[in-house]
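S.K.: First to last, the sequence lines map onto chains Z and E.
Going by UniProt numbering, 402 is the number at position 402 of the first sequence; the sequence numbering is gapless.
Going by UniProt numbering, 396 is the number at position 396 of the second sequence; the sequence numbering is gapless.
Every residue, glycine too, gets a C-beta built ideally from N, C-alpha and C.
My questions will all concern the structure given below.
Protein chains: 2
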Amino acid sequence: MTAPLHQTHPAGPGRATPDTQQGMRRRNLARVMHTVSAGGPLSRAAVASRIGLTRAAVSSLVDELIRSGLLEELGPERPGRVGRPGSALAVSGRGPAGVGAEVGVDHLAVCAVDLRGQVRARAVRYGANRGRPPEPVAGELAGLVRRVVAEAEGQGLWPAGLAVAVPGLVARDARTVVRAPNLDWQDTDLGALLPGDLPLTVDNEANFGALAELWLGDGTPRDFLHVSAEIGIGAAVVVDGRLLRGTRGFAGELGHVPVRPDGPECACGGRGCLEQYAGEDAVLRAAGVAPGEDRVGLLAGRAAQGDEAVRRALRDAGTALGIALTGAVNLLDPDGVVLGGALAGLAPWLLPSLRAELARRTAGPACPVSVSELGSEGPLLGAAHSVVRGVLDDPASVAGRS
Amino acid sequence: MTAPLHQTHPAGPGRATPDTQQGMRRRNLARVMHTVSAGGPLSRAAVASRIGLTRAAVSSLVDELIRSGLLEELGPERPGRVGRPGSALAVSGRGPAGVGAEVGVDHLAVCAVDLRGQVRARAVRYGANRGRPPEPVAGELAGLVRRVVAEAEGQGLWPAGLAVAVPGLVARDARTVVRAPNLDWQDTDLGALLPGDLPLTVDNEANFGALAELWLGDGTPRDFLHVSAEIGIGAAVVVDGRLLRGTRGFAGELGHVPVRPDGPECACGGRGCLEQYAGEDAVLRAAGVAPGEDRVGLLAGRAAQGDEAVRRALRDAGTALGIALTGAVNLLDPDGVVLGGALAGLAPWLLPSLRAELARRTAGPACPVSVSELGSEGPLLGAAHSVVRGVLDDPASVAGRS
DNA sequence: CTATTTCGTCAGGGCGCTTTACAAATTAGT
DNA sequence: ACTAATTTGTAAAGCGCCCTGACGAAATAG
Chain Z
1 MTAPLHQTHP
11 AGPGRATPDT
21 QQGMRRRNLA
31 RVMHTVSAGG
41 PLSRAAVASR
51 IGLTRAAVSS
61 LVDELIRSGL
71 LEELGPERPG
81 RVGRPGSALA
91 VSGRGPAGVG
101 AEVGVDHLAV
111 CAVDLRGQVR
121 ARAVRYGANR
131 GRPPEPVAGE
141 LAGLVRRVVA
151 EAEGQGLWPA
161 GLAVAVPGLV
171 ARDARTVVRA
181 PNLDWQDTDL
191 GALLPGDLPL
201 TVDNEANFGA
211 LAELWLGDGT
221 PRDFLHVSAE
231 IGIGAAVVVD
241 GRLLRGTRGF
251 AGELGHVPVR
261 PDGPECACGG
271 RGCLEQYAGE
281 DAVLRAAGVA
291 PGEDRVGLLA
301 GRAAQGDEAV
311 RRALRDAGTA
321 LGIALTGAVN
331 LLDPDGVVLG
341 GALAGLAPWL
351 LPSLRAELAR
361 RTAGPACPVS
371 VSELGSEGPL
381 LGAAHSVVRG
391 VLDDPASVAG
401 RS
Chain E
1 MTAPLHQTHP
11 AGPGRATPDT
21 QQGMRRRNLA
31 RVMHTVSAGG
41 PLSRAAVASR
51 IGLTRAAVSS
61 LVDELIRSGL
71 LEELGPERPG
81 RVGRPGSALA
91 VSGRGPAGVG
101 AEVGVDHLAV
111 CAVDLRGQVR
121 ARAVRYGANR
131 GRPPEPVAGE
141 LAGLVRRVVA
151 EAEGQGLWPA
161 GLAVAVPGLV
171 ARDARTVVRA
181 PNLDWQDTDL
191 GALLPGDLPL
201 TVDNEANFGA
211 LAELWLGDGT
221 PRDFLHVSAE
231 IGIGAAVVVD
241 GRLLRGTRGF
251 AGELGHVPVR
261 PDGPECACGG
271 RGCLEQYAGE
281 DAVLRAAGVA
291 PGEDRVGLLA
301 GRAAQGDEAV
311 RRALRDAGTA
321 LGIALTGAVN
331 LLDPDGVVLG
341 GALAGLAPWL
351 LPSLRAELAR
361 RTAGPACPVS
371 VSELGSEGPL
381 LGAAHSVVRG
391 VLDDPASVAG
401 RS
């Protein structure tokens with residue numbers, strides 16, 4: 001099984017794999033699925049005119065998709081126009097489901113999302129995972145997955161894959177956690193610790209958060225920067241609807257962009273990295289707040305109460321973010337910047353100085369900065385949806401099962 | 001006619017255009033062309049095994065390409081192995097040619113490149129263009145194009161398109177020069193000023209330079225940053241063999257990445273932009289050299305003679321470049337950074353401090369920095385080759401002509 | 001000189017979309 | 001109410017494209 005299409009840029013026209021009729025069929029099946037998925041209930045004729053195939057061809061494709069349980073016939077449309085009414089087609093609510101999971105510092109979460117994008121089952125378990133070895137955590141997660149899968153199956157769904165979001169760097173094999181400082185994990189093969197009955201994908205939570213923003217965000221463009229901070233400050237770069245991962249998978253390390261070249265030393269070896277000004281530790285120190293549990297909520301609370309030290313710390317962090325983002329925006333010319341993760345909760349106090357800095361350093365209209373609407377749910381939803389997208393992108397890959 | 005494939009990221013699986021057998025044929029024709037182009041003389045059987053089609057299918061594709069004049073049969077291979085020797089196929093040296101043109105500050109250049117990548121005709125005209133209105137410049141350029149086209153036609157080639165590299169920002173329509181400070185051009189529609197008998201593409205010279213590096217550079221990876229400085233400092237971002245252009249086409253503005261947030265004011269409104277430290281004016285001022293003609297050669301000469309002020313200026317510029325590139329590398333995780341344009345000539349004095357700065361600020365192995373081998377020819381070659389790539393990417397688009 | 005191997009081509013077949021035709025279901029007009 | 005017009009969905013025939021299998025051609029190995 002190849003990696004989902006959205007995870008990597010496709011090869012160019014000189015690639016080695018030839019074009020055959022089966023491939024054509026597969027792509028057209030995908031096109032029908034995407035069209036129906038995006039356009040609400042649609043008749044065969046409407047689908048045909050949208051993707052440019054004939055009604056006969058679409059009929060054949062739709063037949064196959066219905067037989068596979070990926071599309072449903074809702075019955076005749078209520079016609080306002082002249083002519084025979086079409087038969088409404090919709091993405092099935094009983095077919096495959098994407099199972100998303102999240103390993104957080106102090107919680108585990110799992111959910112199942114159907115092809116329509118609806119969350120159909122979920123389970124959460126709170127409890128500090130910092131420093132716990134991977135095995136028991138994975139075992140607990142597997143239990144949650146089983147519960148969610150059972151609940152989904154009770155509703156006529158079957159799991160098409162499992163995607164796990166972790167707070168750390170993940171190797172390009174999409175199984176191995178290279179380094180997760182918040183969990184104290186290193187070179188952990190999650191694939192070996194989780195049940196092998198489902199196709200597994202592991203990725204950074206920031207990446208899944210950005211994908212969630214792309215797929216679920218209201219009005220989110222196809223080219224944007226998704227900035228999130230949990231411990232480090234990570235930016236996911238989305239170009240033309242695809243995640244830019246970098247050669248080694250390390251792209252988006254916004255936290256180590258130099259902000260003041262002669263600033264304080266950083267663990268990375270550099271000086272004055274963004275993390276020294278807008279990282280969690282730096283902000284807590286500047287705000288005079290002791291590290292502890294739920295640090296983000298604490299900061300937000302104090303800021304809301306009017307604590308001037310906290311507000312100043314956040315204002316300064318916003319300025320530093322603005323400087324770093326100026327560089328990123330100049331380099332990438334995105335449609336917008338979206339603040340997610342912990343930054344979303346602190347946005348009211350970060351945004352003014354951030355926007356001001358960005359505007360001050362930009363000739364012409366500044367790049368718009370917005371706040372994610374998904375809140376802390378982003379990575380979990382992004383993980384589940386990544387499985388769903390995989391099915392929509394290649395329906396034939398699951399057509400065999402029922 | 002749609003834009004060449006290399007100019008933009010392709011749409012995802014949900015795109016509107018359907019998959020039909022003609023499209024399949026077109027893509028397979030492209031695959032054959034790419035395979036032969038990349039692999040030197042190749043038999044039909046060799047092509048078939050490389051792209052995964054059957055010999056019969058490749059035979060049919062090759063027939064069509066030979067009839068169109070895009071491939072040539074060189075005759076029987078000299079066999080070292082057992083079995084009937086194959087008939088060697090090569091990309092035709094008589095078919096379509098890409099015409100590239102460059103509008104420089106003090107020269108105009110045009111060349112024609114055949115499908116094999118050989119330069120088959122060229123013409124250069126020296127003379128200062130700074131401040132000259134677009135019309136006479138375009139007229140002169142058109143004259144050179146006519147000469148080059150005539151020379152190419154004398155060798156059995158026919159022009160498949162014209163690509164023009166300009167030192168300035170080009171709109172996404174690939175015809176309009178939005179702003180070219182070195183020429184004093186603004187909102188100039190080059191398409192209206194050049195003869196309309198050839199498909200025209202206009203782009204920034206830095207972009208063409210980066211593409212030349214990608215296509216012609218020896219060992220250049222598919223993910224890299226190409227940095228070039230003419231007036232401003234521009235970086236072209238190449239991701240998986242494709243140029244990242246940005247929403248408005250402004251991606252790669254490395255010159256305005258903040259290096260020292262409280263540094264000197266910049267025309268862009270910001271402070272301490274890279275251009276204030278490594279831009280041409282800044283370096284000349286720091287080196288105590290008066291602006292004039294051939295400033296780059298002057299700097300290189302003085303540095304070679306051991307002029308300490310010049311050397312220090314270049315060293316400092318390298319440091320500033322290193323700081324800005326640290327940010328870019330952290331964000332994009334490329335395979336490498338390539339210095340092109342004017343920077344290539346100054347590389348001996350820029351590189352040590354640049355590499356040192358980059359290494360100092362990077363945990364683990366630093367991103368390798370190399371110097372372009374193409375020198376000042378990059379943009380011109382890139383332009384011509386972009387037309388050639390367009391033909392290789394879709395041979396069917398020119399198959400009708402001869 | 002024969003057996004073997006590989007190349008290029010041809011005929012037959014399968015697959016997938018298009019064209020063409022038609023029945024079904026609705027609206028517009030008289 | 002009835003006919004004409006319009007649109008939908010399906011079926012049959014056709015065409016393009018690649019695959020399979022077979023064959024002659026041209027080289028090497030023994």
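#1: Looking at C-alpha atoms only, which residue of R81(E), V103(E), L74(E) is the closest neighbour of L89(E)?
#2: If we define contact as Cβ-Cβ less than 9 angstroms, is V391(Z) a contact residue for chain E?
#3: Enumerate, from N- to C-terminal direction, the unbroken beta strand (DSSP E) stretches of 3 or more residues contained entirely within the segment 352-382 of chain E.
#4: Relative to chain E, which residues along the segment 205-232 of chain Z have a C-beta separation below 8 angstroms, given in chain order?
#5: Could one say the Cβ of T8(E) lies closer than 9 angstroms to chain Z's Cβ atoms, at least one of them?
#6: Whose CA, out of V149(E), L243(E), E275(E), lies closest to the CA of G327(Z)?
#7: Quick one: what does DSSP say T220(E) is sitting in, helix, strand or coil?
#8: Are there 16 or more other CB atoms within 10 angstroms of the CB of Y126(E), so buried, or fewer, so exposed?
#9: If you follow the alpha helix (DSSP H) that T20(Z) is in, where does it begin and where does it stop?
#10: Decide if V124(Z) is buried, meaning its Cβ has at least 16 other Cβ atoms within 10 Å, or exposed.
#11: Using a cut-off of 9 angstroms between C-beta atoms, extract the partners of P334(Z) located in chain E.
#12: Any heavy atom of the ligand NAP within a distance shorter than 8 angstroms of the CB on I323(E)?
#13: Under 9 angstroms between C-beta atoms, does G98(Z) make it to chain E?
#14: Excluding five sequence neighbours on each side, which residues of the same chain lie with their C-beta closer than 8 angstroms to the C-beta of L141(E)?
#15: Please list the partners that P258(Z) has in chain E, where partner means a Cβ-to-Cβ separation under 7 angstroms.
#16: When you compare only the Cα positions, how much space is there between G341(E) and G217(E)?
#17: Can at least three beta-carbon pairs, one atom from the segment 215-233 of chain Z and one from the segment 193-213 of chain E, be found at a separation below 8 angstroms?
#18: Quick one: list the residues of chain E neighbouring N182(Z), beta-carbon separation under 7 angstroms, in chain order.
#19: Can you give the beta carbon distance from D203(E) to A174(E), rounded, assuming they're within the 8 angstroms contact cut?
#20: Which value, in whole angstroms, describes the spacing of the CA atoms of T2(Z) and V398(Z)?
#21: Rounded to a whole number of angstroms, what is the C-alpha to C-alpha distance between L284(Z) and E230(Z)?
#22: Report back the beta-carbon spacing between V387(Z) and V99(Z) to the nearest angstrom; my notes put them in contact at under 8 angstroms.
#23: Please classify V82(E) as buried or exposed, where buried requires at least 16 other C-beta atoms within 10 Å of its C-beta.
#24: Please return the same chain residues whose Cβ sits closer than 8 angstroms to the Cβ of V148(Z), not counting the five positions on each side in sequence.
#25: For the beta strand (DSSP E) containing V166(E), list its first residue and its last residue.
#26: Taking just the CA atoms, how far does L325(Z) sit from P181(E)?
#27: Using the Cα positions of D281(E) and D189(Z), report the straight-line distance between them to the nearest angstrom.
#28: Reducing DSSP to helix, strand and coil, say where S87(Z) ends up.
#29: Quick one: give me the first and last residue of the beta strand (DSSP E) that Q186(Z) is part of.
#30: Taking 9 angstroms as the threshold (beta carbon to beta carbon), is L254(E) in contact with chain Z?
#31: Would R27(Z) and D19(E) be called neighbours here (beta carbons separated by less than 9 angstroms)?
#32: Report buried or exposed for A128(Z), applying the criterion of at least 16 other Cβ atoms within 10 angstroms of its Cβ.
#33: Determine the DSSP secondary structure at L339(Z), reduced to helix, strand or coil.
#34: Check D114(E) in the structure and name its three-state DSSP category.
M.R.: Walking through what the data contain:
#1: L74(E)
#2: no
#3: 369-371
#4: P221, D223
#5: The predicted position of T8(E) is uncertain, since its pLDDT is 39 and thus under 50; no value can be drawn from it.
#6: E275(E)
#7: coil
#8: exposed
#9: Careful: T20(Z) lies outside any alpha helix (DSSP H) and carries neither H nor E.
#10: exposed
#11: G246, T247, A251
#12: The ligand NAP is absent from the structure shown, which contains no ligand whatsoever.
#13: no
#14: A101, V103, L108, V110, V164, L194
#15: I323, T326, G327, R361
#16: 14 angstroms
#17: no
#18: Within chain E, no residue comes near N182(Z); the closest Cβ sits about 18 angstroms away, beyond 7 angstroms.
#19: 6 angstroms
#20: Here T2(Z) scores only 34 on pLDDT, less than 50, and its place in the model is too uncertain to base an answer on.
#21: 13 angstroms
#22: 7 angstroms
#23: exposed
#24: V99, V110, C111, A112, A121, R122, A123
#25: 158-166
#26: 26 angstroms
#27: 53 angstroms
#28: strand
#29: 185-189
#30: yes
#31: yes
#32: exposed
#33: strand
#34: strand
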